[in-house]
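Down below is the structure, laid out as structure tokens.
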Amino acid sequence: MSAQTLINIKNVNRIYTDTKGNKVYALKNVSLEIRQGEFISFIGPSGCGKTTLLRLIAGLDQPQSGALYVQGERIEKTSHERGYIFQQPTLFPWKTVEENVAIGLKARGVYQEKKNEIAQYIKLIGLNGFEKSYPHEISGGMAQRVAIIRALINEPKILLLDEPLAALDAFKRMELQQMLTEVWSKTKTTMALVTHDVDEAISLSQRIAIMTARPGEISKVIDVNLGQERNRNDDDFITLRKEILKELHLVTVKPEPEYRI
Numbered sequence: 001m002s003a004q005t006l007i008n009i010k011n012v013n014r015i016y017t018d019t020k021g022n023k024v025y026a027l028k029n030v031s032l033e034i035r036q037g038e039f040i041s042f043i044g045p046s047g048c049g050k051t052t053l054l055r056l057i058a059g060l061d062q063p064q065s066g067a068l069y070v071q072g073e074r075i076e077k078t079s080h081e082r083g084y085i086f087q088q089p090t091l092f093p094w095k096t097v098e099e100n101v102a103i104g105l106k107a108r109g110v111y112q113e114k115k116n117e118i119a120q121y122i123k124l125i126g127l128n129g130f131e132k133s134y135p136h137e138i139s140g141g142m143a144q145r146v147a148i149i150r151a152l153i154n155e156p157k158i159l160l161l162d163e164p165l166a167a168l169d170a171f172k173r174m175e176l177q178q179m180l181t182e183v184w185s186k187t188k189t190t191m192a193l194v195t196h197d198v199d200e201a202i203s204l205s206q207r208i209a210i211m212t213a214r215p216g217e218i219s220k221v222i223d224v225n226l227g228q229e230r231n232r233n234d235d236d237f238i239t240l241r242k243e244i245l246k247e248l249h250l251v252t253v254k255p256e257p258e259y260r261i
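Start counting the sequence shown at 1; every next residue gets the next number (UniProt numbering).
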């Protein structure tokens, strides 16, 4: 790909201290460039630092060493230019769908000039007719759609997705995967997804970064050259799935201890 670099992650280390005072590396010497307008997924064993990396990009956390940059500017705090979607929709239960979507616009002081866009975004995700509904009156999948456009309406340069579809049933999950593909195609927003689902990563991404078990490092970055329409039963899709599963097995299995006699 020839698109310019948007996010530059350089030699990032994130270390926590456990209850016994031991240092635990969540991320170790992680370096990666994410290109403008691409959809990239992070996949790896539980606890490998995927969410930690996403939080660092968002500015919700800071590394002990190394640095992260967006268009050459160091990330030191959160910004509306980096939208974050959590695993749960986190909607305000006392606000309607359109009121939830408007929250970011009001916080930024741009509601009056952009309020007409709310209807356009609600239409984009297929929730026409639910503008006045409250979160308890819509399904989990619909609520997650609202959370996604609540971030998108702020026109972020980057949308960070922390397993936003994990709690949904298989049918709703595939439906929202298709919606994300369509939204990405229309907006060309740079998207970074954390997932445990190999098929989801292949279906949505242009590249997939595979991370090792703790200490979290990027083991391999795989290009997904399958075109825009992706069929999970195609030979190329299945071949790529096997390659990723093999790599995941390698990064998950711990090496056998060495014995000296």
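Backbone N, C-alpha and C define an ideal beta-carbon position, used for all residues, glycine too.
In this text, all values refer to a predicted model and were calculated from it rather than measured experimentally.
Inter-residue Cα distance where the pair is residue i and residue j
| i | j | result |
| --- | --- | --- |
| GLU200 | LYS115 | 33 Å |
| LEU168 | GLN206 | 23 Å |
| VAL101 | LEU250 | 42 Å |
| ALA107 | SER79 | 12 Å |
| VAL224 | GLN36 | 16 Å |
| LYS242 | SER133 | 43 Å |
| MET1 | HIS196 | Interpretation of MET1 is limited by its pLDDT of 40, a score under 50 that renders its predicted location unreliable; the figure taken from the coordinates is listed afterwards. Cα to Cα, MET1 sits roughly 25 Å from HIS196. |
| THR189 | ASN154 | 11 Å |
| THR17 | LEU159 | 30 Å |
| LYS220 | ALA213 | 13 Å |
| ARG230 | PRO63 | 37 Å |
| ASN128 | ALA170 | 23 Å |
| GLU175 | GLU163 | 15 Å |
| LYS28 | LYS95 | 41 Å |
| GLU113 | ILE57 | 29 Å |
| LYS50 | GLN88 | 17 Å |
Short Cβ contact (8 Å threshold) for residue i with residue j
| i | j | result |
| --- | --- | --- |
| MET211 | ILE222 | no |
| ILE85 | LEU161 | yes |
| ILE149 | LEU124 | yes |
| ILE40 | ALA143 | no |
| VAL194 | PHE42 | yes |
| ALA26 | GLY83 | no |
| LYS10 | ALA67 | yes |
| GLU81 | LYS157 | yes |
Same chain, Cβ closer than 6 Å to residue i, five either side skipped, listed in chain order
| i | result |
| --- | --- |
| ILE244 | VAL198 |
| TYR259 | Because the pLDDT at TYR259 is just 42, under 50, the model does not fix this residue reliably, and the point stays unresolved. |
| ASN8 | GLU33 and TYR69 |
| VAL97 | PHE130, GLU131, SER133 and VAL146 |
| SER65 | ASN13 |
| GLY109 | none |
| LYS172 | GLY141 |
Close Cβ partners of residue i (< 8 Å) along its chain, the five nearest in sequence each way excluded
| i | result |
| --- | --- |
| ASP61 | ARG14, THR52 and ARG55 |
| PHE92 | GLU99, ASN100, ILE103 and PRO135 |
| TYR111 | ALA102 and LEU105 |
| GLN177 | LEU165, GLU200, SER203 and LEU204 |
Residue i: CB within 7 Å of a non-hydrogen atom of the ligand NAD
| i | result |
| --- | --- |
| THR190 | Judged by which ligands are present, the structure shown has none, so any question about the ligand NAD falls away. |
Cβ neighbours of residue i in the same chain (closer than 7 Å, five flanking residues each side left out)
| i | result |
| --- | --- |
| THR181 | LEU204 |
| LYS77 | GLY59 |
| THR90 | ALA147 |
| ASP236 | LEU226 |
| GLN71 | LEU6 |
Tell me whether the region 43-51 and the region 112-128 touch, counting them as touching only if at least three CB pairs, one residue from each stretch, are closer than 8 Å.
no
If we require 3 or more residues per run, which beta strand (DSSP E) segments fall completely within the region 189-217?
190-194 and 207-211
Let me know the beta strand (DSSP E) ranges lying completely inside the region 55-124, each 3 residues or longer, listed in chain order.
65-70 and 82-85
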